[in-house]
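Accompanying notes for the structure given below.
There are 2 protein chains.
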Amino acid sequence: MPDRTSGPPAEPPLGLQLAAAAREVGRAFDAALGAAGGSLSTWLVLLALTTGRAASQRELAAAVGIQGATLTHHLAGMEEAGLVARRREPTNRRVQLVELTEAGRAAFRRLRDVAVEHDRRLRVGLDPDDEAATRRVLEQLRANVAG
Amino acid sequence: MPDRTSGPPAEPPLGLQLAAAAREVGRAFDAALGAAGGSLSTWLVLLALTTGRAASQRELAAAVGIQGATLTHHLAGMEEAGLVARRREPTNRRVQLVELTEAGRAAFRRLRDVAVEHDRRLRVGLDPDDEAATRRVLEQLRANVAG
DNA sequence: CGGCAAACGTTAGAAGTCTAATCGTTAGAG
DNA sequence: CTCTAACGATTAGACTTCTAACGTTTGCCG
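Taken in sequence, the protein lines are chains D and R. The opening position of the first sequence corresponds to residue 51 in my numbering, with each subsequent residue numbered one higher. The opening position of the second sequence corresponds to residue 51 in my numbering, with each subsequent residue numbered one higher.
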């Protein structure tokens, strides 16, 4: 007598499958961005700035989903590369405002093409209902581990 | 006249949602394992060894999904901690065989409880059909970026 | 007003991962 | 047989991320 539901031969845990898929997809995306002279972190920063989701570093870190210290590191490199400029907010000199330079806007357009192509490639053969179900599940998983 | 399908207000790209969910779930799991004196990498190594999916380091790295150099690093720590023992395969002295010690087996049992609980927590409120769809999608995504 | 606590950002240091270069061992071509 | 190429593992160095400690600036309470 089987001890559990005696269903299929024990599929891999959902968390493992999630981690493996995310790792491979992320790696492929980063490689594609790298071929266009970018990286995942620079893309996310450029995207958040372009869409106006963030002006200060604190907001930017939240939008990108990384810690402030990590963002400081990346911004140093991006500023060095001339993609962004930083200046203090006059009315509150603790805050560092981040702005795109012209080179930053150009880099955004280049990487956006890569991102669109990546997204297209990702969806090949995907059933729309399955995708919707997946989005629901991913949000549920986040909620289940939150707090 | 809307330029695209003019559907819902542009949901976040699937890749981003996937990465965010995987990061948060993985972080929560690692924290839980940490509270039991382990970590994600040690858990994966112990699991692969216990289930007999790997004996040499090369197989072990493949089973865990990391590079050989990274595994070397972790095994050094685990051997130091007395969880595993390494010895050369006699018939092919290039190969390093990895075996669990008694302490390693005890650690496995401890972390297994954490993993089971994590998996249970993860599935709360999940529709079985949605979960099946998600597994299909995750495999499709891996296939779409492979090669 | 003066000083203390909070907010924002930076720096320092640790952990995990990767790639490239190297070492020892083995297999195979000539 | 020998020697060269391949293989498994390790080492070295880089990158990304984190947390903790710190410096500067601001807000507010007394």
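Backbone N, C-alpha and C define an ideal beta-carbon position, used for all residues, glycine too. These figures come from a predicted structure and were not determined experimentally.
Would you grab the beta carbon distance between residue i and residue j for me? Rounded to a whole angstrom, and I think it's under 8 Å.
{"i": "residue 133 of chain R", "j": "residue 100 of chain R", "result": "In fact, because the Cβ distance is near 11 Å, the residues do not count as touching under 8 Å."}
{"i": "residue 157 of chain D", "j": "residue 76 of chain D", "result": "Contact flag wrong, Cβ pair sits at about 20 Å."}
{"i": "residue 68 of chain R", "j": "residue 72 of chain D", "result": "5 Å"}
{"i": "residue 74 of chain D", "j": "residue 195 of chain R", "result": "6 Å"}
{"i": "residue 125 of chain D", "j": "residue 172 of chain R", "result": "Contact doesn't hold; Cβ gap of about 34 Å is too wide."}
{"i": "residue 111 of chain R", "j": "residue 121 of chain R", "result": "4 Å"}
{"i": "residue 115 of chain D", "j": "residue 70 of chain R", "result": "6 Å"}
{"i": "residue 169 of chain R", "j": "residue 63 of chain D", "result": "5 Å"}
Buried or exposed for residue i, going by 16 or more other Cβ atoms inside 10 Å?
{"i": "residue 200 of chain D", "result": "Since the first and last residues shown for chain D are 51 and 197, residue 200 of chain D lies out of range."}
{"i": "residue 174 of chain D", "result": "exposed"}
{"i": "residue 98 of chain D", "result": "buried"}
{"i": "residue 123 of chain D", "result": "exposed"}
{"i": "residue 60 of chain D", "result": "exposed"}
{"i": "residue 165 of chain D", "result": "buried"}
{"i": "residue 119 of chain R", "result": "exposed"}
{"i": "residue 85 of chain R", "result": "exposed"}
{"i": "residue 82 of chain D", "result": "buried"}
Using CA coordinates, which residue listed in the options is at the minimum distance from residue i?
{"i": "residue 131 of chain R", "options": "R:155, R:109 and R:112", "result": "R:155"}
{"i": "residue 92 of chain D", "options": "D:153, D:141 and D:61", "result": "D:153"}
{"i": "residue 197 of chain R", "options": "D:79, D:138 and D:90", "result": "D:79"}
{"i": "residue 159 of chain D", "options": "D:103, D:81, D:138 and D:94", "result": "D:94"}
{"i": "residue 129 of chain R", "options": "R:141, R:140, R:139 and R:96", "result": "R:96"}
{"i": "residue 90 of chain R", "options": "R:140, R:162 and R:137", "result": "R:162"}
Helix, strand or coil for residue i, going by three-state DSSP, please let me know.
{"i": "residue 181 of chain D", "result": "helix"}
{"i": "residue 114 of chain D", "result": "helix"}
{"i": "residue 135 of chain R", "result": "strand"}
{"i": "residue 150 of chain R", "result": "strand"}
{"i": "residue 89 of chain R", "result": "coil"}
Sufficient close CB pairs (3 or more, under 8 Å) joining the region 179-194 of chain R to the region 168-183 of chain D: yes
Inter-stretch contact at 8 Å, needing at least 3 Cβ pairs: the region 138-152 of chain D / the region 105-121 of chain D: yes
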